[in-house]
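**Student:** Under our numbering, residues 197 to 511 are what the sequence shown spells out, in order.
Cβ atoms here follow ideal geometry from the backbone N, Cα and C, with glycine treated the same way.
The structure presented is a predicted model; accordingly, all values stated were derived computationally and were not measured.
Handing you this structure, nothing more for now.
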Amino acid sequence: MWLMPEAELPEAFEESAPEAEPAETPPETAVPPAVAEARFTAFLPRQAAVERWHSLLVYAHTPEMLDQIRSDAKRFLPELGGAPREVRAAQATVLARGTPLTFTPYAEGVLFNPESITIAWWEDLHRLEFRFKAEAALLNQAVNLTITVSADPLIVAQLRGGIVFESPESAYKPNPYENEPITAAPYHAEEIFVSYSRRDSEIAKACRNAYRALGFKVLMDVDELRAGERWDHQLERLIERATIFQLFWSENSAQSQFCRRECQYALQLAHQRNSDGSGYIRPVYWQEPMPQPPKELEHLHFAYVRLPRLSRHAD
């Protein structure tokens with residue numbers, strides 16, 4: 197919970213950088229599993245009435261199915277407010293066929309039914325439908341909705357989109373976007389900076405290895421820093437380079453001055469980009485109950501992940 201006063205933070209990181217780890221030998225497999233590139237797209241209303249039920253569509257699909265899912269989503273236009281917003285995860289991920297994927301939507305003050313859906317990644321197109329209802333307190337507010345896609349214990353993608361919640365009379369007026377084509381930004385590769393307590397190194401390294409197996413570039417101090425380098429400057433360069441800042445939140449990181457400094461720098465970068473850090477800073481936790489988050493991160497969504505015996509594969 198970062199109780200240390202700001203004045204007591206060190207001027208620079210004084211720990212020495214660890215030695216680079218030896219190259220790891222991948223385990224031998226007799227028959228590699230079939231894999232396919234997975235992409236994730238969602239359709240949600242631009243405006244929605246409070247205290248009314250609405251639809252949210254999420255698709256897991258291969259790249260060539262994008263036109264087909266857009267055609268499929270058009271069948272649900274009335275439930276999506278007439279001209280839905282399309283959002284896509286930035287990262288296209290190669291996953292083994294049959295990988296269980298769990299989709300969990302979240303927005304403050306919004307009820308989702310069901311709370312999450314799990315599928316097995318077998319087909320080229322999977323459609324998932326959620327229903328959601330906003331509480332009356334969100335009237336005339338814009339709310340950020342986050343959909344987390346996880347292949348436990350890893351978050352493989354996050355989709356984010358905004359919804360303006362209005363009164364029923366306003367929300368059901370003719371939609372000015374009704375004749376606009378549905379479009380979205382292109383995909384781009386993501387690099388993940390891992391922020392963790394040294395006491396959680398085993399867990400962080402295990403997740404690093406799993407992320408690499410999925411094709412992500414992981415920026416981690418034990419891999420990127422060389423002995424003799426100043427950690428403060430080099431870590432700042434890595435954080436600036438990353439498109440995702442992954443915070444491993446635990447009782448240990450809650451007491452770590454180094455995690456605090458890394459998060460403060462990530463927040464500073466986000467503010468320079470006119471953002472509150474949502475989507476860029478992605479905290480995950482595995483201890484229940486979740487350790488109390490620091491005040492400066494209370495506005496972010498902390499996602500729960502399961503860590504099933506990954507530590508033995510960490511090194």
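1. Would a C-beta distance cut-off of 8 Å place Leu-299 and His-250 closer than the cut-off?
2. Does the count of Cβ pairs from the region 275-288 and the region 240-249 closer than 8 Å reach three?
3. Between Arg-356 and the rest of its own chain, which residues show a CB-CB distance below 8 Å, the 5 nearest in sequence each way excluded?
4. Quick one: what's Gln-453 bridged to in DSSP?
5. Scan the region 259-299 and note each continuous beta strand (DSSP E) run of 3 residues or more that stays entirely inside, going in chain order.
6. Measure the CB-CB distance between Ala-406 and Val-345 and report whether it falls below 8 Å.
7. Nearest to Val-360 by CA position, among Ala-330, Leu-350, Ile-388, is which residue?
8. Just tell me which of Val-390, Ala-402, Gln-337, Val-246 has its CA closest to the CA of Arg-456.
9. Tell me, which residues are paired with Leu-415 by DSSP?
10. Assess, as a yes-or-no matter, whether the region 440-451 is touched by the region 305-318 under the definition of 3 or more beta carbon pairs within less than 8 Å.
11. Quick check on this structure: which residue in Pro-490, Leu-415, Ala-438, Trp-482 has the alpha carbon closest to the alpha carbon of Pro-349?
12. At which residues does the beta strand (DSSP E) containing Glu-325 begin and terminate?
13. According to DSSP, simplified to helix, strand and coil, what is Tyr-476?
14. Using C-beta distances below 7 Å, list every residue in its chain close to Arg-248, excluding the 5 sequence neighbours before and after it, in chain order.
15. According to DSSP, is Asn-340 part of a helix, a strand, or is it coil?
16. Report the rounded CA-to-CA distance for Ala-402 versus Ala-409, giving the unit in angstroms.
17. Which one or two residues does DSSP pair with Pro-301 in a beta bridge?
18. Verify whether the separation of the beta carbon atoms of Arg-437 and Glu-386 is less than 8 Å.
19. Do you know how far the Cα of Leu-431 is from the Cα of Gln-302?
20. What does His-257 pair with, by DSSP beta-bridge criteria?
21. Taking Met-486 as the reference, give the member of Gln-354, Leu-463, Arg-502 with the closest Cα.
22. Taking only three categories from DSSP, how would you classify Ser-471?
23. Using CA coordinates, which residue listed in Gln-451, Ala-450, Ile-265, Glu-492 is at the minimum distance from Ala-466?
24. DSSP on Lys-248, reduced to helix/strand/coil?
25. Which of the three DSSP states is assigned to Glu-492 in this structure?
26. From the DSSP secondary-structure annotation, give me the bridge partner or partners of Trp-482.
**Tutor:** Looking at the coordinates:
1. Note that residue 299 is Phe in the sequence shown, not Leu. Not a contact, by the Cβ cut-off of 8 Å.
2. Judged by Cβ distances under 8 Å, the region 275-288 makes contact with the region 240-249, as three or more pairs qualify.
3. Result list for Arg-356: Val-283, Asn-340, Leu-341, Thr-342, Ile-343, Ser-474, Gly-475, in chain order.
4. According to DSSP, which records beta bridges pairwise, Gln-453 is partnered with nothing at all.
5. Here the runs fully enclosed are 281-284, 289-292.
6. Their beta carbons are not under 8 Å apart, which means Ala-406 does not touch Val-345 by this criterion.
7. Per the Cα distances, Ala-330.
8. Ranked by Cα distance from Arg-456, the options Val-390, Ala-402, Gln-337, Val-246 are led by Val-390.
9. Beta-bridge pairing by DSSP links Leu-415 to Phe-389.
10. At 8 Å Cβ cutoff, the stretches do not touch.
11. Answer by Cα proximity: Trp-482.
12. Unbroken beta strand (DSSP E) run through Glu-325: 321-330.
13. If DSSP states are grouped into helix, strand and coil, Tyr-476 belongs with coil.
14. Same-chain partners within the cutoff: Lys-329, Pro-364.
15. Note: Asn-340 maps to strand in three-state DSSP.
16. Taking C-alpha positions only, Ala-402 is separated from Ala-409 by approximately 11 Å.
17. Per the DSSP secondary-structure output, Pro-301 pairs in a beta bridge with Ile-343.
18. No, these two residues do not count as a Cβ contact at 8 Å.
19. Just to set this straight, residue 302 is Tyr in the shown sequence, not Gln. Computed Cα separation, rounded: 31 Å.
20. The partner list for His-257 (beta bridge, DSSP) reads Arg-235, Leu-321.
21. Residue nearest to Met-486 within the set Gln-354, Leu-463, Arg-502 is Arg-502 (criterion: CA-CA distance).
22. Ser-471: coil per DSSP, three-state reduction.
23. Among Gln-451, Ala-450, Ile-265, Glu-492, the Cα nearest to that of Ala-466 belongs to Glu-492.
24. A small fix is needed here, since residue 248 is Arg in this sequence, not Lys. In the structure shown, Arg-248 adopts coil according to DSSP, grouped into three states.
25. Taken through DSSP and simplified to helix, strand or coil, Glu-492 comes out as helix.
26. In the DSSP assignment, Trp-482 forms no beta bridge with any residue.
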